[in-house]
Amino acid sequence: YLNVAQEEGCVNVVFPGTVTQEGCCRFVSEILKCILYQRQQLPMTYDQLVYSQRKQQASVPVHSADMDWRKCQQTLQELEEVLQQLEVLFSLSRVPRVLLLMGGSLVLPKELYEINMESLASSGGSQCLRVSSCLRQIFRTLFVADLLSDARPVRLMPTTVLVLAHRDCGVGWFHPNSNLKSQLVKKQIIVLSSDPNVCKEPRAEGSDWEDYVWFQAPVTIKGFSN
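Position in the sequence shown (first residue = 1) + 1380 = my numbering.
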């Protein structure tokens, strides 16, 4: 266990205020897109891919047998479906943690990323921080920490999203996963929290998460390259 703990990379991003649930969902979505691009599962950023696909569709009639086009479309559809369903889940439950498992199996993935939001102070209203400034802070911190880069070429692999949410939140698309054990895999952890000196909102305690279970996305996001 010790070796695994020593190998884990951990990046802390401390916000100077509270955030909304919608903001938390955006953080997870943008980090997911970023990891897929940085870990060479997408040939360009998500926004560039969407733009190039639309441009191609508008200018050239695409032959349905074009494999690159179909692979790109499939990956974008899978990713968009996961992003839409994350919005639904975040509207139904507080989400303290999200896991992104890449390659291998659920028990032994090749790469494992955790987004930990247990210490985020969440509230509504105009007092919350702007999502755009929070995202800038997240990616500036990730860039400086160099968490996602690896000199070795990465193979294409499927990505599975798991979300910790309240067992009775009523989500329909995600499946409860009761078999998820604590993985003995090198984990990269991105911890998002609110500065306790600035935020007076009550924070969730460990006991608050006892009724939370892991939910697994029923689709995997398959990587592709041009």
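Ideal placement from N, C-alpha and C gives every residue a C-beta, glycine not left out.
query	result
Check each candidate in V1468, T1600, V1487 and name the one with the smallest Cα separation from C1405.	V1468
Roughly how many angstroms separate the alpha carbons of V1578 and V1393, rounded to a whole number?	14 Å
Buried or exposed for M1447, please, with buried defined as at least 16 other CB atoms from any protein chain shown within 10 angstroms of its CB.	exposed
What is the DSSP secondary structure of P1598, reduced to helix, strand or coil?	coil
Classify A1438 as buried or exposed, calling it buried when 16 or more other Cβ atoms lie within 10 Å of its own Cβ.	exposed
Looking at C-alpha atoms only, which residue of M1482, V1599, L1522 is the closest neighbour of H1555?	V1599
Is G1603 closer than 7 Å to L1536 when the C-beta atoms are compared?	yes
Return the bridge partner residues of Y1493 from the DSSP annotation.	L1480, Q1568
May I have a chain-ordered list of the beta strand (DSSP E) segments no shorter than 3 residues that lie completely inside the region 1407-1485?	1477-1482
What is the DSSP secondary structure of V1384, counted as helix, strand or coil?	Residue confidence for V1384 is low, a pLDDT of 38 falling below 50, so the modelled location carries little weight and cannot support an answer.
On the DSSP bridge assignment, give the partners of N1392 in chain order.	V1571
Beta strand (DSSP E) containing T1540: first to last residue?	1538-1546
Within 8 Å, do at least three Cβ pairs link the region 1490-1501 to the region 1453-1464?	no
Looking only at its chain, what residues have a beta carbon closer than 7 Å to the beta carbon of T1521, apart from the 5 residues adjacent to it on each side?	V1391, V1393
By Cβ distance, which residues of its chain are closer than 7 Å to Q1596, with the 5 residues on each side in sequence left out?	T1540, L1542, F1554, H1555, N1557
Mapping the DSSP letters down to three states, classify V1511 as helix, strand or coil.	helix
With distances taken Cα to Cα, identify the nearest neighbour of T1400 among K1490, L1544, S1506, L1488.	S1506
Taking DSSP as the reference, what is the three-state secondary structure of V1551?	coil
Quick check: what's the CA-CA separation for N1383 versus G1504?	Unreliable placement is indicated for N1383, whose pLDDT of 36 sits below 50; the coordinate value is still reported in the next sentence. Approximately 41 Å between the Cα atoms of the pair.
Beta carbon of T1425, beta carbon of Y1417: below 7 Å?	yes
I'd like to confirm the pairing. Which residues does DSSP put opposite P1556 in its beta bridges?	F1595
What is the C-beta distance between R1419 and V1534, in whole angstroms, given that I count them as a contact (C-beta under 8 Å)?	5 Å
Is it buried or exposed for P1576, if we count other Cβ within 10 angstroms and need 16 for buried?	exposed
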